[in-house]
Amino acid sequence: MKRILSRDFLALILSVAVVGLGLGATLPLTALALTQAGYGTDVVGLMTAMQAGGGLAIVPLASRIAARFGAREAIVGTVIAVAGATALMQFTTNLWLWAVLRFVCGAALMLLFTIGEAWVTQLADDSTRGRVVAIYATNFTLFQMAGPVLVSFIGDRQAGRFALCGAIFLCALPALALIRVAPQTEETHDAPAHWRHVLPRMPAIVAGTGFFALFDTLALSLMPLFAMSHGVSAEVAVLFASALLLGDTTMQFPIGWLADHVGRTRVHIGAGVVVVMLLPLLPWAASRPWVCWPLLYVIGAAAGSIYTLSLVACGERFRGAALVSATSIVGGSWSIASFDGPVVAGALMRQSGPNALIAVLIASAAAFLVAAAWEARGARAMTNVSG
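Mapping to my numbering: the sequence shown position 357 is 357, numbers consecutive.
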């Protein structure tokens with residue numbers, strides 16, 4: 001672990017964590033601003049989807065951009081792009097311009113995370129991968145969790161609130177300047193493994209990534225609106241996302257340690273079961289603080305570990321060119337879920353009521369469990385045949 005916790009690694013996770021703070025504030029602030037302007041959950045969902053659409057558009061180009069400009073330079077460019085696009089939202093209320101700016105943010109953020117996660121994957125080995133990925137995820141989520149708290153203070157201050165969020169992103173630049181050796185982004189001489197050969201080997205990884213992408217996006221954008229519909233004040237409602245992210249943040253390293261010692265598959269499936277069992281309790285618990293906050297914490301921890309252990313599984317299963325293809329598929333899964341999920345959830349909430357949000361999340365978590373069970377069954381069959 002000492003070798004991994006180098007100056008470059010610490011600088012990387014610090015810069016990504018600062019980006020998490022800006023992202024954690026910008027998504028709920030956008031939803032709150034649209035709601036204050038009189039727009040419904042369908043418009044909020046569409047605006048959130050535009051950010052995911054930007055991420056989806058950049059996925060096929062990420063490796064080329066990193067190879068052309070260099071990893072560190074590409075990350076610096078993404079930070080500047082996100083900061084500028086967020087700050088510009090302060091100076092216009094035109095929905096079309098907001099959609100374009102959120103699209104730019106999504107593309108830049110996806111490029112940043114793709115490069116950052118590729119570096120973390122290079123640093124980890126099989127004996128420490130769960131903990132290494134957990135360190136990376138925990139630092140990002142810790143700062144992201146503070147975003148909704150910030151919104152609870154600045155949400156009603158219309159003058160300067162988006163400009164402040166844009167300035168937060170720029171705070172990542174000093175940390176990036178500390179990085180001495182950037183990760184290798186050049187293509188190897190080996191031909192990359194085609195995604196058609198890689199995808200059938202990662203159904204649970206894809207489903208787990210898709211679930212958490214949906215969970216993360218909806219927690220920051222529509223979860224506060226769900227809480228407000230159950231009688232929770234706006235100031236407290238934005239903290240629902242923080243409670244979910246608190247569980248995600250504080251439990252990832254212990255869960256990563258557990259996966260390293262008792263088996264990743266068992267912990268992975270167990271986390272999915274916890275999410276499916278506890279999510280249906282949220283509508284009842286929303287107006288009961290004594291049970292709501294602990295419930296949100298546990299759900300956040302279990303949901304976050306589904307994604308963390310999906311990244312761990314990716315590193316366990318693939319090497320070299322196949323890992324590059326697998327990482328691209330993970331990025332695509334995240335973007336698709338983030339793009340479609342808010343649109344579907346926002347429309348269903350408007351048509352069927354706020355509890356439709358919970359139904360969407362349960363369906364997504366159940367899909368992960370089905371994929372994980374199918375994968376585990378196939379692994380047992382292979383073991384029996386080889387035995």
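Ideal placement from N, C-alpha and C gives every residue a C-beta, glycine not left out.
What you are looking at is a predicted structure, and each value in this text was computed from that prediction instead of being measured.
Between P342 and A49, the gap from beta carbon to beta carbon is short of 7 Å.
For M50, the uninterrupted alpha helix (DSSP H) segment begins and ends at T41 to I58. The DSSP-derived three-state label of P354 is coil. Shortest Cα-Cα distance from A347 to any of A37, Q158 and V43 involves V43. Going by beta carbons, F215 and T138 fall outside the 7 Å limit.
Restricting attention to alpha helix (DSSP H) runs no shorter than 4 residues, the segment 61 to 85 encloses them at 62 to 69, ordered along the chain. When the beta-carbon positions are compared, Y297 and L246 come within less than 7 Å of each other. The residue among F211, V312 and L176 with its C-alpha nearest the C-alpha of D340 is F211.
The three-state secondary structure of L369, taken from DSSP, is helix.
Around the beta carbon of L61, a 10 Å sphere encloses fewer than 16 other beta carbons of the protein chains shown; the residue is thus reported as exposed.
By the Cβ-count criterion, T93 is exposed, with fewer than 16 other Cβ atoms from all chains shown falling within 10 Å of its own Cβ. Shown here for G256: same chain residues with a beta carbon closer than 7 Å to its own, the five before and five after excluded, namely G130, R131, V133, A134 and T308 in chain order.
Note that the segment 358 to 370 does not touch the segment 88 to 107; fewer than 3 beta-carbon pairs, one per stretch, sit closer than 8 Å. If you ignore the 5 residues before and after I358, its C-beta comes within less than 8 Å of the C-beta of F226, L279, P280, L282 and P283, all in its own chain and listed in chain order. DSSP places Q158 outside any alpha helix (DSSP H), giving it a letter other than H or E. In the three-state DSSP reduction, F253 falls in the helix class (H, G or I). Of L218, V276, D248 and P203, the smallest CA-CA separation from A376 is found for P203. For L222, there is no enclosing alpha helix (DSSP H), as DSSP marks it with neither H nor E. A Cβ-Cβ contact shorter than 7 Å links I205 with C314. Residue range R7 to Q36 is occupied by the alpha helix (DSSP H) that includes F9. Here the segment 266 to 274 does not lie against the segment 285 to 294, with fewer than 3 beta-carbon pairs under 8 Å apart. Look at G263 here: in three-state DSSP terms it is coil, with no helix or strand label. V79 sits close to A172, with the two beta carbons spaced by under 7 Å. By the CB criterion at 7 Å, G38 and G106 fall outside the cutoff. Taken through DSSP and simplified to helix, strand or coil, F318 comes out as coil.
Shortest Cα-Cα distance from R157 to any of S333, A71, I58 and Q90 involves Q90. A107 carries a helical assignment under DSSP once its states are collapsed to helix, strand and coil. Taking the Cβ atoms as the reference, A31 lies roughly 13 Å from S229, outside the contact range of under 8 Å.
Between A11 and A237, the C-beta gap is not smaller than 7 Å, which leaves the two residues out of contact.
A residue is called buried when at least 16 other Cβ atoms come within 10 angstroms of its Cβ; A177 does not meet this threshold and is exposed.
In the displayed model, I179 falls within coil according to three-state DSSP, outside both helix and strand. Here A345 is near V360, since their CB atoms are less than 7 Å apart. In this structure, V149 places its C-beta atom within 7 Å of the C-beta atom of S242. Straight-line measurement puts the Cα of G40 at about 11 Å from the Cα of Q351. DSSP places A285 in the uninterrupted alpha helix (DSSP H) bounded by L282 to A285.
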